[in-house]
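As you go down the protein sequences, you meet chains S and A in turn. Position in the first sequence (from 1) plus 9 gives the number in this note's numbering. Position in the second sequence (from 1) plus 2 gives the number in this note's numbering. Virtual Cβ for every residue (Gly too), placed ideally from N, Cα, C. Below is one structure, written out as structure tokens; comments come after it.
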Amino acid sequence: MMIRRSFERSEESVSAARRFVAGTIADVAVELQDSVSVMVSELSTNALVHAASGFEVTVDRSEGGVFVAVGDRGNGTPVLQSPASSEPHGRGLRIVEALSDEWGISSSVDAGKTVWFRLSLDSSVTHASAGGTARASVTETTAEGDSSRTRRATPLSSPGEADSSGSALRHRGPRRRTRVYSRSSDTPAVSP
Amino acid sequence: MVVADHPGVQVTATVDDPTAPIIHLAGELDLASVDSTKEGIALYLAGTPVRVTFDLEKLTFMDSSGIALLVQVSNEVGQVSLIHVAPIVHRVLEATGLLEHFGLAP
């Protein structure tokens, strides 16, 4: 089930987006709902603050997990940062990094960007916290490129195959998605 | 108990000792509510406290906007502790490696 909704450029849209996505996963464990809510909040906030535009949220809920993408019209590319404890800002993507199974950025020169994450809804899967070795991917597409290929490259595992493709997600090893490049989380992505 | 209403987050405080106020936050702390929350707590920071405790028992949501606020207060005051932290808030603090910074067990 894939649903999509647009949100206006308003601070209130952050909580509206949280509730929109929460409505699609009301049946799963509370801690997973919490993680998704926080990540939606972070990506929505980034869209409003950095892209200064409204944003569009796409949710693809399947039996095994949930995929959420937040697209905006901004040109800058979000950067995963490692702020010192006294630095107030720069933790949004760090939170997405810690709470998701995988996440990435798709951007194109003239059509804005989309930041997405994927989370298995199998509550037996444990999610690493800060300092993990997850890899984030940045896929840049040309105007005629198909950024949706990014999503199909690594399908969600279903609970029944947790030991095959599921383990790849849990351990967050390198993926085949090297359409352009993929990097470790400690290396800054493209400058904004 | 002093009550100051703000959209999104309600700020109240227990000020038995002005140098160590306990500030209670209730509601959802995000981009939309962080500025009003900051205004709401300014009153309790005016007396240059040496220690501030945030009681988050009724804070049902917080993201990095809220973390930014807590870090700012921490920079200003020096010692900030969090008590009664809900699981969702605990998870965000854990994800950012700030549990110990705010006096919580890792």
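Chain-ordered neighbours of residue i on chain C, where CB pairs are closer than 7 Å
| i | result |
| --- | --- |
| Arg14 of chain S | Protein chains in the displayed structure are S and A, and chain C is not among them. |
Top-ranked residue by Cα proximity to residue i, from the options
| i | options | result |
| --- | --- | --- |
| Thr55 of chain A | A:Asp65, A:Ala48, A:Pro23 and A:Ser67 | A:Pro23 |
| Leu108 of chain S | S:Met10, S:Arg70 and S:Val47 | S:Val47 |
| Ala1 of chain A | A:Leu72, A:Gly42 and A:Thr62 | As displayed, chain A neither begins before 3 nor continues past 108, which places residue 1 of chain A out of reach and without an answer. |
| Val124 of chain S | S:Ser91, S:Arg70, S:Ser53 and S:Val30 | S:Ser53 |
| Glu111 of chain S | S:Arg18, S:Leu128, S:Phe16 and S:Ala38 | S:Leu128 |
| His98 of chain S | A:Gln74, A:Ala97, A:Pro89 and A:Met64 | A:Gln74 |
| Ala120 of chain S | S:Glu20, S:Leu130 and S:Arg82 | S:Arg82 |
| Glu72 of chain S | S:Ala35, S:Arg14 and S:Ala26 | S:Ala35 |
| Ala60 of chain S | S:Arg103, S:Glu106, S:Ser19 and S:Met10 | S:Ser19 |
| Pro87 of chain S | S:Asp69, S:Leu102, S:Ala25 and S:Val49 | S:Leu102 |
| Thr21 of chain A | A:Asp32, A:Thr39 and A:Thr50 | A:Thr50 |
| Val118 of chain S | S:Ala78, S:Asp43 and S:Asn84 | S:Asn84 |
| Arg14 of chain S | S:Ser95, S:Glu106, S:Gly74 and S:Asp69 | S:Asp69 |
| Val79 of chain A | A:Ala44, A:Gly10, A:Gln12 and A:Leu101 | A:Ala44 |
| Val82 of chain A | A:Glu102, A:Val13 and A:Val17 | A:Glu102 |
| Ser91 of chain S | S:Gly80, S:Ala78 and S:Val105 | S:Val105 |
| Ser115 of chain S | S:Glu96, S:Ser95, S:Ser94 and S:Ala78 | S:Ala78 |
| Lys60 of chain A | A:Ser66, A:Leu84 and A:Asn77 | A:Leu84 |
| Ala88 of chain A | S:Gly32, S:Asp43, S:Met11 and S:Val49 | S:Asp43 |
| Ser76 of chain A | S:Leu89, S:Gly80 and S:Ala93 | S:Ala93 |
| Gly80 of chain S | S:Ser95, S:Leu89 and S:Asn55 | S:Asn55 |
Residue-chain proximity (residue i, chain A), Cβ-Cβ < 8 Å
| i | result |
| --- | --- |
| Arg144 of chain S | Legend: pLDDT at Arg144 of chain S = 48, less than 50; position of this residue unreliable, no value from coordinates given. |
| Ser46 of chain S | yes |
| Glu153 of chain S | The pLDDT assigned to Glu153 of chain S is 39, lower than 50, so where the model puts this residue is not dependable; a value taken from the coordinates is nonetheless given after this. Not an interface residue. |
| Ile34 of chain S | no |
| Glu20 of chain S | yes |
| Glu17 of chain S | no |
| Val23 of chain S | yes |
| Ser94 of chain S | yes |
| Asp43 of chain S | yes |
| Ser50 of chain S | yes |
| Arg100 of chain S | yes |
Cutoff 8 Å: residue i Cβ touching any chain S Cβ
| i | result |
| --- | --- |
| Glu59 of chain A | no |
| Ile43 of chain A | no |
| Ile85 of chain A | no |
| Ala107 of chain A | no |
| Pro89 of chain A | yes |
Status (buried if at least 16 other CB within 10 Å, exposed otherwise) for residue i
| i | result |
| --- | --- |
| Phe16 of chain S | buried |
| Asp131 of chain S | buried |
| Val39 of chain S | exposed |
| Ala15 of chain A | buried |
| Met64 of chain A | buried |
| Val52 of chain A | exposed |
| Arg28 of chain S | exposed |
| His86 of chain A | exposed |
Where are the beta strand (DSSP E) runs, 3 residues long or more, that stay fully inside the stretch 22–106 of chain A, in chain order?
The stretch 22–106 of chain A contains these whole beta strand (DSSP E) runs: 24–31, 54–64 and 82–85.
Under 8 Å, CB to CB, which of the residues in the stretch 93–104 of chain A have a partner in chain S?
Identification of residues in the stretch 93–104 of chain A having a C-beta nearer than 8 Å to some C-beta of chain S yields Arg93, Val94, Glu96, Ala97, Thr98, Gly99, Leu100 and His103, given in sequence order.
What residues in the stretch 62–77 of chain A have a beta carbon less than 8 Å from any beta carbon of chain S?
So the close ones are Phe63, Asp65, Ser66, Ser67, Ile69, Ala70, Leu71, Val73, Gln74, Ser76 and Asn77.
Residues from the stretch 5–30 of chain A in contact with chain S, defined by Cβ distance under 9 Å
Per Cβ criterion, the list reads Gly10 and Glu30.
Quick one, which residues of the stretch 57–91 of chain S are near chain A if we go by CB-CB under 8 Å, in chain order?
Hits within the stretch, in order: Leu57 and Val58.
Along the stretch 46–58 of chain A, where does the CB come closer than 8 Å to a CB of chain S? Name the residues.
Against chain S - using a Cβ distance shorter than 8 Å - the stretch 46–58 of chain A contributes no residues.
Chain A contacts made by the stretch 108–126 of chain S, where a contact means CB separation under 7 Å
Against chain A - using a Cβ distance shorter than 7 Å - the residues of the stretch 108–126 of chain S are Leu108.
Entirely within the stretch 12–78 of chain S and at least 4 residues each: give me those alpha helix (DSSP H) ranges in chain order.
Runs of the alpha helix (DSSP H) spanning 4 or more residues and lying entirely within the stretch 12–78 of chain S occur at 21–31 and 39–55, in chain order.
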